[in-house]
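A quick write-up on the structure given underneath.
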Amino acid sequence: MNPSPIAQRFDQLKASGKMAFMPFLTAGDPDLEMTKELLVDWGRRGVDLVEIGFPYSDPIADGAVIQASYTRALAKKITIDQIFTALGELSGENIPPLVGMVSYSLIFRYGTDHFITGAKNAGISGLIVPDFPGDEAGAFAKQVQNAGIDSIQLVAPTTPAGRVQKILQSASGFLYCISVAGTTGVRQELPEELSQQLEQLQSQTALPLAVGFGISRSEQAAVLRGKAQGVIVGSAIVRQLECLDEDPTRRAAVVAELGRFVDEMVQATHQS
Amino acid sequence: MTTTHATASVPDAEGRFGEFGRRFVPETLMQALEELTREYQLAKNDILFQTELAGYLRHFVGRPSPLYFAERLTEKAGGARIYLKREDLNHTGAHKINNTIGQALLTMRMGKKRVIAETGAGQHGVATATACARFGLDCIVYMGEEDIRRQKMNVFNMKMMGAEVRPVTTGSRTLRDAINEAMRDWMGSVATTHYIIGSVVGPHPFPMIVRDFQSVIGRETRQQCLDEFGRLPDEVIACVGGGSNSAGMFYPFIEDESVKLTGVEPGGRSSKPGDHASTLTFGQKGVLHGSYSYVLQDADGQTLDVHSISAGLDYPGVGPEHSYWKDSGRVEYVAIDDNQALETFQLTAKLEGILPALESSHAVARALQTAGSRSPNDIVVICLSGRGDKDVQEVARLLGKEI
Numbered sequence: 350m351n352p353s354p355i356a357q358r359f360d361q362l363k364a365s366g367k368m369a370f371m372p373f374l375t376a377g378d379p380d381l382e383m384t385k386e387l388l389v390d391w392g393r394r395g396v397d398l399v400e401i402g403f404p405y406s407d408p409i410a411d412g413a414v415i416q417a418s419y420t421r422a423l424a425k426k427i428t429i430d431q432i433f434t435a436l437g438e439l440s441g442e443n444i445p446p447l448v449g450m451v452s453y454s455l456i457f458r459y460g461t462d463h464f465i466t467g468a469k470n471a472g473i474s475g476l477i478v479p480d481f482p483g484d485e486a487g488a489f490a491k492q493v494q495n496a497g498i499d500s501i502q503l504v505a506p507t508t509p510a511g512r513v514q515k516i517l518q519s520a521s522g523f524l525y526c527i528s529v530a531g532t533t534g535v536r537q538e539l540p541e542e543l544s545q546q547l548e549q550l551q552s553q554t555a556l557p558l559a560v561g562f563g564i565s566r567s568e569q570a571a572v573l574r575g576k577a578q579g580v581i582v583g584s585a586i587v588r589q590l591e592c593l594d595e596d597p598t599r600r601a602a603v604v605a606e607l608g609r610f611v612d613e614m615v616q617a618t619h620q621s
Numbered sequence: 261m262t263t264t265h266a267t268a269s270v271p272d273a274e275g276r277f278g279e280f281g282r283r284f285v286p287e288t289l290m291q292a293l294e295e296l297t298r299e300y301q302l303a304k305n306d307i308l309f310q311t312e313l314a315g316y317l318r319h320f321v322g323r324p325s326p327l328y329f330a331e332r333l334t335e336k337a338g339g340a341r342i343y344l345k346r347e348d349l350n351h352t353g354a355h356k357i358n359n360t361i362g363q364a365l366l367t368m369r370m371g372k373k374r375v376i377a378e379t380g381a382g383q384h385g386v387a388t389a390t391a392c393a394r395f396g397l398d399c400i401v402y403m404g405e406e407d408i409r410r411q412k413m414n415v416f417n418m419k420m421m422g423a424e425v426r427p428v429t430t431g432s433r434t435l436r437d438a439i440n441e442a443m444r445d446w447m448g449s450v451a452t453t454h455y456i457i458g459s460v461v462g463p464h465p466f467p468m469i470v471r472d473f474q475s476v477i478g479r480e481t482r483q484q485c486l487d488e489f490g491r492l493p494d495e496v497i498a499c500v501g502g503g504s505n506s507a508g509m510f511y512p513f514i515e516d517e518s519v520k521l522t523g524v525e526p527g528g529r530s531s532k533p534g535d536h537a538s539t540l541t542f543g544q545k546g547v548l549h550g551s552y553s554y555v556l557q558d559a560d561g562q563t564l565d566v567h568s569i570s571a572g573l574d575y576p577g578v579g580p581e582h583s584y585w586k587d588s589g590r591v592e593y594v595a596i597d598d599n600q601a602l603e604t605f606q607l608t609a610k611l612e613g614i615l616p617a618l619e620s621s622h623a624v625a626r627a628l629q630t631a632g633s634r635s636p637n638d639i640v641v642i643c644l645s646g647r648g649d650k651d652v653q654e655v656a657r658l659l660g661k662e663i
């Protein structure tokens with residue numbers, strides 16, 4: 350099998366000694382036009398991968414900022430089909446490989462086969478299912494991989510070594526390393542144990558390690574250089590979109606502000 | 261739809277009740293769930309733990325609760341003899357404390373000092389605060405902002421017992437969001453904190469633990485029937501929201517095939533989505549709050565809003581073991597609407613001198629519907645899961661009366 354778009358991207362970065370920058374975006378917040386606009390803009394700015402959150406009514410792993418964005422998107426009745434259609438419309442564009450972050454509640458109800466086909470047709474390269482832990486998700490992960498989509502698994506600071514081994518059996522693309530025990534959301538400091546955990550993981554797998562939860566600044570990205578191959582930023586981006594619900598006239602300004610932030614993060618992660 | 265023959269030997273090691281249950285939670289919680297499963301198995305087989313628990317149930321909770329002959333309800337129905345299992349007479353006025361005492365003892369066994377819980381109407385919150393006060397554990401209760409407003413007395417009681425009540429302002433601001441918030445707290449506090457979940461819902465091993473602790477209801481009922489009548493009852497009826505009192509009542513009878521088991525769901529205002537919380541009657545298979553069970557969702561898997569006159573039944577999911585019992589045909593699930601529950605609340609007060617919780621009124625209403633077509637020799641037991649004092653404000657409002 351050819352390397353997946355995600356694997357290719359990490360390979361290219363590795364060859365030039367760079368880390369991947371992966372911002373997160375809630376599909377449909379404030380609307381799908383904005384989601385598409387940002388994807389195209391970020392593609393131009395050299396973002397490596399984008400994590401697309403599918404809004405869900407009861408997200409347990411997410412903190413207040415991302416949950417609020419899900420609530421905003423759902424208030425506008427955003428559906429899975431609309432998200433797939435919108436992403437599919439970008440197929441000719443030069444956008445980064447997309448990683449879908451989707452609750453198993455949604456996938457199961459939509460129909461597993463149906464969802465995987467839809468995701469593939471929409472151009473999604475990887476799937477993160479945050480409420481279906483790797484060791485439980487074996488058959489589902491196979492199904493995802495057989496469709497040519499990477500099955501991205503999460504490892505938490507609470508994950509013991511024995512579980513890591515089991516989780517790795519279902520993992521491809523990259524390993525999502527949760528920096529802190531807790532939900533998504535901006536934190537000032539990254540925990541000291543993180544380096545140790547990353548070192549440990551590095552010795553267990555050849556997959557690239559991407560660190561998420563709590564990262565919001567380029568300095569934090571710099572700290573991870575040499576220890577991880579990618580950095581994920583969610584809440585710090587999503588909270589910039591909050592204001593658009595009340596004041597849609599600020600769209601251009603928000604796109605520009607996010608552009609500046611993204612540039613800074615790309616620069617920090619791409620320093621070799 | 262009979263897919264399997266229901267047995268009491270569930271769940272399996274992976275938390276499956278037939279096809280239902282399991283664990284659909286973030287990786288961060290998996291280690292804690294595995295640890296809890298191990299620790300619970302040890303406690304379950306530890307005679308000292310069980311003896312200690314039985315002691316608190318007897319002397320602190322006030323068990324065994326009476327099995328009471330509801331003579332005038334029996335006359336009214338004109339058929340089977342109706343008995344009430346009086347969980348309303350427990351300390352704190354409901355069955356919830358059976359579980360919170362057990363889980364508080366587990367918390368201490370695991371060396372944890374902090375407890376979190378969710379609550380809807382406040383009964384589980386009060387029962388958790390009570391257990392935590394008794395054992396000196398820190399207690400934080402997540403409660404929807406809207407429920408806090410409606411259940412001021414329970415909020416005050418929790419605070420008096422030293423619990424912190426944290427308002428939940430996200431999503432629908434009800435029980436399901438309180439569960440989400442409690443899970444989020446647990447994501448960041450799992451090393452020091454135990455989550456005392458209030459019903460037979462959530463990821464494995466919670467549905468099993470809560471069922472086991474609540475099974476004291478069914479075990480006592482079974483023994484009381486054998487002692488008093490020399491035989492098992494013909495039918496056992498209990499209300500089902502998340503399903504903890506009913507699971508505890510039904511479980512010891514699961515393999516007694518002569519005993520008909522009936523679960524009563526809240527039919528609400530109508531059968532339209534959003535107007536009821538009859539998950540097993542109208543729902544579909546899906547995943548909510550870490551478990552695979554029947555759920556009330558839209559076509560995309562988004563959780564639907566629910567309604568019931570009784571805040572304790574107002575939940576869009578149901579315990580996975582109930583889904584197993586439904587699909588195996590072992591338990592019949594029916595719906596009773598708001599008006600029927602309200603009428604039965606008043607009738608039970610007038611005929612028996614008992615104010616039942618609005619939740620339990622659903623179960624009584626079902627018994628009154630069907631007991632008349634049974635023989636006077638038949639015995640029907642209703643789980644009177646809680647007392648109605650907490651509901652009098654709401655009942656007065658609905659009846660247009662001043663308190």
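So the sequences go chain by chain: A and B.
Counted the way the numbering used here counts, the first sequence spans residues 350 to 621.
Counted the way the numbering used here counts, the second sequence spans residues 261 to 663.
Cβ coordinates follow ideal geometry from the N, Cα and C atoms, glycine included.
Keep in mind it's a predicted model, so treat the numbers as computed, not measured.
Check your understanding: So, do the stretch 417 to 425 of chain A and the stretch 461 to 473 of chain A have three or more beta carbon pairs nearer to each other than 8 Å?
Key -> no
- Query: Alpha carbon to alpha carbon, what distance is there between tyrosine 402 of chain B and isoleucine 409 of chain A?
  - Reply: 14 Å
(Q) Contact criterion: CB-CB distance below 8 Å. Does glycine 522 of chain A meet it with respect to chain B? (A) no
Worksheet entry | serine 454 of chain A burial status per 10 Å Cβ neighbour count (16 or more: buried) | buried
* Asked: Measuring CA to CA, which of A:Gly475, A:Pro445, A:Tyr405 and A:Ser418 is closest to tyrosine 459 of chain A?
  -> A:Tyr405
Between A:Gly575, A:Ile429 and A:Asn351, which lies nearest to methionine 450 of chain A when the distance is taken from Cα to Cα?
-> A:Ile429
Hey, which unbroken runs of the alpha helix (DSSP H) at 4 residues or more fall wholly within the stretch 350 to 375 of chain B?
356 to 369
message = Within a Cβ cutoff of 6 Å, which residues of the same chain sit near cysteine 392 of chain B, ignoring the five residues on either side of it in sequence?
response = Val375 and Cys399
Per-residue contacts from arginine 458 of chain A into chain B (C-beta, under 9 Å): Gln544, Lys545, Gly546, Val547, Val555, Gln557, Asp558, Ala559, Asp560, Gly561 and Gln562
Note to self: Using beta carbons (cut-off 8 Å, strictly below), is phenylalanine 373 of chain A in contact with chain B?
What the structure shows: no
TODO: Taking only the alpha-carbon atoms, compute the straight-line gap between glutamine 620 of chain A and methionine 368 of chain A and give it to the nearest angstrom.
DONE: 8 Å
Worksheet item: By DSSP, does serine 500 of chain A sit in helix, in strand, or in coil?
Response: strand
Expected contact under 8 Å - CB spacing of threonine 430 of chain B and glutamine 416 of chain A to nearest Å
6 Å
Discussion item. Quick check: what's the CA-CA separation for tyrosine 575 of chain B versus glutamate 548 of chain A?
Written reply: 44 Å
Checklist entry - Where does aspartate 480 of chain A land, buried or exposed, given buried means 16+ other C-beta within 10 angstroms? => result buried
Query raised in the report: What are the complete beta strand (DSSP E) segments, minimum 3 residues, inside the stretch 564 to 621 of chain A?
Result: 579 to 582
Where does alanine 364 of chain A land, buried or exposed, given buried means 16+ other C-beta within 10 angstroms? exposed
Open item on the list: Output needed for methionine 261 of chain B: all residues of its chain with C-beta closer than 6 Å, excluding positions within five of it in sequence on either side, in chain order.
Closed with: For methionine 261 of chain B, the predicted model reports a pLDDT of 45, less than 50, meaning its position is unreliable and no value from the coordinates is stated.
(request) Identify whether arginine 410 of chain B lies in helix, strand or coil by the three-state DSSP scheme. (result) helix
Q. What separation, rounded to the nearest whole angstrom, lies between the Cα atoms of valine 604 of chain A and isoleucine 581 of chain A?
A. 19 Å
Which first and last residues belong to the beta strand (DSSP E) in which leucine 603 of chain B is found? Note on identity: in this sequence residue 603 of chain B is glutamate, with leucine being the wrong assignment. Where glutamate 603 of chain B is concerned, there is no enclosing beta strand (DSSP E), although the alpha helix (DSSP H) it sits in stretches over 598 to 612.
Name the residues in the stretch 274 to 290 of chain B whose C-beta lies less than 9 Å from a C-beta of chain A; which are they? Glu274, Arg282, Arg283, Phe284, Val285, Pro286, Glu287, Thr288, Leu289 and Met290
Can you pull the DSSP bridge partners for phenylalanine 329 of chain B?
B:Tyr343
#### Entry: C-beta atoms of histidine 567 of chain B and glycine 523 of chain B nearer than 8 Å
no
Practice problem: Kindly indicate which three-state DSSP category aspartate 380 of chain A falls into: helix, strand or coil? | Solution: coil
Problem set entry | Best match in A:Ile401, A:Asp411, A:Gln361 and A:Ser519 for proximity to proline 286 of chain B [C-alpha to C-alpha] | A:Asp411
For the candidate residues B:Ala623, B:Pro512 and B:Ala601, whose alpha-carbon lies nearest to that of serine 269 of chain B?
B:Pro512
| said: I want to see whether chain B comes within less than 8 Å of glutamine 416 of chain A, judged by CB atoms only; does it? | reply: yes
- Item | Closer than 8 Å to chain A by CB, glycine 385 of chain B | no
*With a cut-off of 8 Å, does the C-beta of glutamate 606 of chain A fall near any C-beta of chain B?*
no
Beta-carbon neighbours of glycine 531 of chain A, restricted to chain B and to distances below 7 Å = Met447 and Gly448
| message | Quick check on aspartate 487 of chain B: buried or exposed, where buried means 16 or more other Cβ atoms within 10 Å of its Cβ? | response | exposed
By the criterion of Cβ-Cβ separation under 9 Å, what are the contact partners of glutamate 485 of chain A in chain B? Glu274, Arg282, Arg283, Phe284 and Met290
* To do: Using three-state DSSP, classify isoleucine 465 of chain A as helix, strand or coil.
  => helix
List the endpoints of the continuous beta strand (DSSP E) containing valine 524 of chain B. 520 to 528
- Task: Determine the DSSP secondary structure at glutamine 484 of chain B, reduced to helix, strand or coil.
- Result: helix
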